[in-house]
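**Q** Shown below is the structure under consideration.
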Amino acid sequence: MSTLWHGRFEEGPSDELLAFTVSLGFDRRLAADDLAGSRAHVRGLARAGILSDEEAEVVLAALDRVEEELRTGVFQFEPTDEDIHTAIERRVTALAGEAGAKLHTGRSRNDQVATDLRLWARRELTGVARRVLALQRTLLERAREAGPAYLPGYTHLQRAQPVLLAHHLLAHGWALARDVDRLLDCRRRLDVSPLGAGALAGSSLPLDPDATAADLGFAARFENSLDAVSDRDFVAEALFALSLLAVHLSRMGEEVILWSTDEFGFVRLDDAYATGSSMLPQKKNPDIAELARGKAGRVIGDLTGILATMKGLPLSYNRDLQEDKEPLFDAVEQTSLGLAAMTGLYATMTFDVERMQQAADSPYAAATDLAELLVERGKPFREAHALVGGLVRDSLERHVPLAELVEAHPELGAEAAELLAPGRSVTRRTTPGGAGPDAVAVQLERFARRLEADAERIGPEGDGR
Ligand code: ARG
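Going by my numbering, the first residue of the sequence shown is number 18, and it counts up by one from there.
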């Protein structure tokens, strides 16, 4: 059995070692990036005169062939292929003979795997950002179509003041805008090539890490080879950005769960985005929303896992770092699936506007408007607050409509009583960023512009990032 290190070893690896240390099961996802990294490395070796032009041609052709074999599924993996890098190099060597055996010159799997994972993360985080944008666009569309509809705004899950439905939907939209920002920020910081760092110290061969970095489209090369092979900050950062995104999806999910209960009745879920019960024929369940909530726990676990893996590692590469991949792959996959499902859920659910507005139309919800009217008439807010609070208590205790008490009160009167009319209160939230129609019209514009700018920052599909 032949390994990458067979020279120094008399015996092959034990079954137990292979079973415990092999990573091929998950790192085959890096195949495309490993091929890209190898191509750049081969071109670098040719520029350095380590490979002749003919040899480089032969190795590049072998890499193309491997790509084809992987794509069509005819690539034969072997039991000693401990990871995707080993498998590809083995096959390239078999195909390209002498020249193939030069592929790994001046390179270690330590700089190779770090390069591959950065290429992978750069592209996949871009993909996640694009999926966040799709959800934001759906929120924008639903907010536009909601028009003047309003619902109770809550604090402490107690009805507080009416807010436009559009305002409520965009609150989630802005949180997601920060997620996009974080993903792109993380992408910018990870855009550094480790290729050329070798196992840990660089090389005696005339390699040019700047050139291979440029070849791979990286913004820069590493500054320090020890750091280059052992830095997984970008994995931890990506996992934090994904965790917070997952937390936002979880909060949105929790809301859909509440809103779709009979108790709230604010939304009805589309059949295609809800599930039934195997026993209870009347049930319609919000499983997407529940899993958006549930999976956030798992993604947070991915983040805490990588932080714990990293915290005790001495410089530079340690095999522990192989544990960087599964959490990252998992978090990207779960948030991507969650984003697509939540986008469909939000695009298709029906808002019961009548029910929302009824819930918001309690005259007590306009209590602040009464106090603010008194303020406009010169009363200090604390006194106004106490006066209105007294009327609310009175109304509740004596079962007299609040409007009646307001109308009869010498400091309030008919004009004040009108503020209690259904739908009136929300129109009075006029300050920038506020919940009323004028402010929300401005907000909708600003949000739409933000999405356009973010689409631009994310970049067009298929530009390799
Ligand atoms: N599969 C390994 C990883 O993911 C590749 C690097 C192995 N390097 C080594 N020195 N054993 O980290």
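Beta carbons: idealized from backbone N, C-alpha and C, even for Gly. Just so you know, these numbers come straight off a predicted model, no measurement behind them.
#1: Leaving aside the five residues before and after residue 220 along the sequence, list all residues of the same chain whose C-beta is less than 6 Å from its C-beta, in chain order.
#2: Give me the Cβ distance between residue 80 and residue 52, rounded to the nearest whole Å; I'm assuming they're in contact under 8 Å.
#3: Kindly confirm or deny that the region 79-95 and the region 137-150 touch, where touching means at least three C-beta pairs closer than 8 Å.
#4: Along the chain, which unbroken stretches of the alpha helix (DSSP H) at least 4 residues long are found entirely within the region 341-381?
#5: Tell me where the beta strand (DSSP E) around residue 169 begins and ends.
#6: Tell me which same chain residues have a C-beta within less than 6 Å of the C-beta of residue 40, skipping the five on either side of it?
#7: Inspect the CB distances between the region 449-461 and the region 165-185 and report whether three or more fall short of 8 Å.
#8: Taking just the CA atoms, how far does residue 120 sit from residue 256?
#9: Less than 7 Å between C-beta atoms, sequence neighbours within five positions excluded: which residues of the same chain meet that for residue 98?
#10: Buried or exposed: where does residue 155 fall if 16 or more other Cβ atoms within 10 Å of its Cβ makes it buried?
#11: Just curious, the alpha helix (DSSP H) that residue 63 is in, first and last residue?
#12: The ligand ARG heavy atoms versus the CB of residue 130: any closer than 6 Å?
#13: What residues are listed by DSSP as bridge partners for residue 7?
#14: Compute every distance between the C-beta of residue 40 and the non-hydrogen atoms of the ligand ARG, then say whether any falls below 6 Å.
#15: In the DSSP assignment, what are the bridge partners of residue 302?
#16: Going by CA-CA distance only, name the one from 222, 28, 365, 244 that's closest to residue 162.
#17: Quick check: residue 382 and residue 391, are their CB atoms within less than 7 Å of each other?
#18: Quick one: is residue 327 buried, meaning 16 or more other Cβ sit within 10 Å of its Cβ, or exposed?
#19: Label residue 303 either buried or exposed according to how many other C-beta atoms from any shown protein chain fall within 10 Å of its C-beta, with 16 as the threshold for buried.
#20: Is any heavy atom of the ligand ARG found at a distance shorter than 6 Å from the C-beta of residue 195?
#21: Hey, quick one: how far does the alpha helix (DSSP H) through residue 457 stretch, first residue to last?
#22: Rounded to whole angstroms, what's the CA-CA distance from residue 473 to residue 342? Just pull it up for me.
#23: Less than 6 Å separating the Cβ of residue 142 from some heavy atom of the ligand ARG?
#24: Do you know whose CA, among 423, 135, 214, 227, lies nearest residue 404's CA?
#25: Residue 116 by DSSP, collapsed to three states: which one?
#26: With a threshold of 6 Å on Cβ separation, who are the neighbours of residue 58 within its own chain once the five nearest residues in sequence on each side are excluded?
#27: Which residues in the same chain as residue 358 place their Cβ atom closer than 8 Å to its Cβ, once the five residues preceding and following it in sequence are excluded?
#28: Assuming residue 337 contacts residue 330 (C-beta within less than 8 Å), just tell me the rounded distance between them.
#29: Applying the 10 Å Cβ sphere with the 16-neighbour rule, what's the burial state of residue 54?
#30: In chain order, what residues of the same chain lie with their CB nearer than 7 Å to the CB of residue 146, ignoring the 5 residues before and after it?
#31: Between residue 50 and the ligand ARG, is there a pair consisting of the residue's CB and a ligand heavy atom that are separated by less than 6 Å?
#32: Can you check which of these residues, 230, 226, 250, is closest to residue 207 by C-alpha distance?
#33: Report whether the distance from the Cβ of residue 225 to the nearest heavy atom of the ligand ARG is below 6 Å.
#34: Would a check of beta-carbon distances place residue 459 closer than 7 Å to chain C?
#35: Can you tell me which of the three DSSP states residue 226 falls into?
**A** From the atom records:
#1: Here residue 220 is taken as the residue at index 203 of the sequence shown, counted from 1. Only 123 meet the Cβ criterion.
#2: Translated into the one-based positions of the sequence shown, residue 80 becomes position 63. Translated into the one-based positions of the sequence shown, residue 52 becomes position 35. The Cβ separation is near 6 Å, so the contact holds.
#3: no
#4: 342-365, 370-377
#5: Here the question's residue 169 lines up with position 152 in the sequence shown. 167-172 is the extent of the beta strand (DSSP E) around residue 169.
#6: Counting from 1 along the sequence shown, the entry for residue 40 is found at position 23. Same-chain partners within the cutoff: 100, 339.
#7: yes
#8: Reading the sequence shown from its first residue, position 239 is the one you call residue 256. Reading the sequence shown from its first residue, position 103 is the one you call residue 120. Using only the alpha carbons, I get a separation of about 33 Å.
#9: Here the question's residue 98 lines up with position 81 in the sequence shown. Contacts found: 41, 104, 107.
#10: Sequence index remark: in the sequence shown, residue 155 carries index 138 (1-based). Residue 155 should be labelled buried.
#11: The residue you call residue 63 lines up with position 46 of the sequence shown. Residues 48-64.
#12: Position 113 of the sequence shown, counted from the first residue, corresponds to residue 130. Correct: residue 130 has its Cβ closer than 6 Å to the ligand ARG.
#13: The structure shown does not extend to residue 7, since the chain spans only 18 to 482, so no value can be given for it.
#14: For the purposes of this step, residue 40 is taken as the residue at position 23 of the sequence shown. Because some heavy atom of the ligand ARG lies under 6 Å away, the Cβ of residue 40 counts as near it: yes.
#15: Here residue 302 corresponds to residue number 285 of the sequence shown, with the count starting at 1. According to DSSP, residue 302 bridges with 292.
#16: In the sequence shown, counting from the first residue as 1, residue 162 sits at position 145. It is 365 whose Cα lies nearest to the Cα of residue 162.
#17: Numbered from 1 along the sequence shown, position 365 holds the residue referred to as residue 382. Numbered from 1 along the sequence shown, position 374 holds the residue referred to as residue 391. No, Cβ-Cβ distance for residue 382 and residue 391 is not below 7 Å.
#18: Here residue 327 refers to the residue found at position 310 when the sequence shown is read from its first residue. With 16 or more Cβ atoms within 10 Å of its Cβ, residue 327 is classed as buried.
#19: Along the sequence shown, read from residue 1 onward, the residue named residue 303 stands at position 286. Counting Cβ neighbours within 10 Å, residue 303 comes out buried, since at least 16 surround it.
#20: By 1-based counting over the sequence shown, the position of residue 195 is 178. Not under cutoff, so the answer is no.
#21: Residue 457 sits at position 440 when you count from the first residue of the sequence shown. It spans 454-475 - the alpha helix (DSSP H) in which residue 457 sits, taken as one unbroken run.
#22: For this step, residue 473 is matched to residue 456 along the sequence shown. For this step, residue 342 is matched to residue 325 along the sequence shown. Roughly 29 Å between the two C-alpha positions.
#23: Taking the first residue of the sequence shown as 1, we reach residue 142 at position 125. No, the ligand ARG has no heavy atom inside 6 Å of this Cβ.
#24: Numbered from 1 along the sequence shown, position 387 holds the residue referred to as residue 404. Nearest to residue 404 by C-alpha distance, out of 423, 135, 214, 227, is 423.
#25: Numbered from its first residue, the sequence shown carries residue 116 at position 99. Helix, per DSSP.
#26: Indexing the sequence shown from 1 puts residue 58 at position 41. Excluding sequence neighbours, residue 58 sits near 124.
#27: Counting from 1 along the sequence shown, the entry for residue 358 is found at position 341. The residues are 290, 305, 308, 309.
#28: Looking up residue 337 in the sequence shown gives position 320. Looking up residue 330 in the sequence shown gives position 313. Contact annotation, residue 337 with residue 330: C-beta distance approximately 6 Å; criterion of less than 8 Å satisfied.
#29: Residue mapping note: residue 54 aligns to position 37 of the sequence shown, counting from 1. Buried, since its Cβ has 16 or more Cβ neighbours within 10 Å.
#30: Mapped onto the sequence shown, residue 146 falls at position 129. Here the set comprises 197, 200, 201, 475.
#31: Within the sequence shown, the letter at position 33 stands for residue 50. No; taking the cut-off as 6 Å, the Cβ of residue 50 has no heavy atom of the ligand ARG nearer than that.
#32: Within the sequence shown, numbered from 1, the residue matching residue 207 stands at position 190. Comparing Cα positions, the closest option is 250.
#33: Reading the sequence shown from its first residue, position 208 is the one you call residue 225. Checking the Cβ of residue 225 against the ligand ARG gives no.
#34: No chain C is present in this structure, which holds just one protein chain.
#35: Locating residue 226 in the sequence shown gives position 209, where the first residue counts as 1. Helix, per DSSP.
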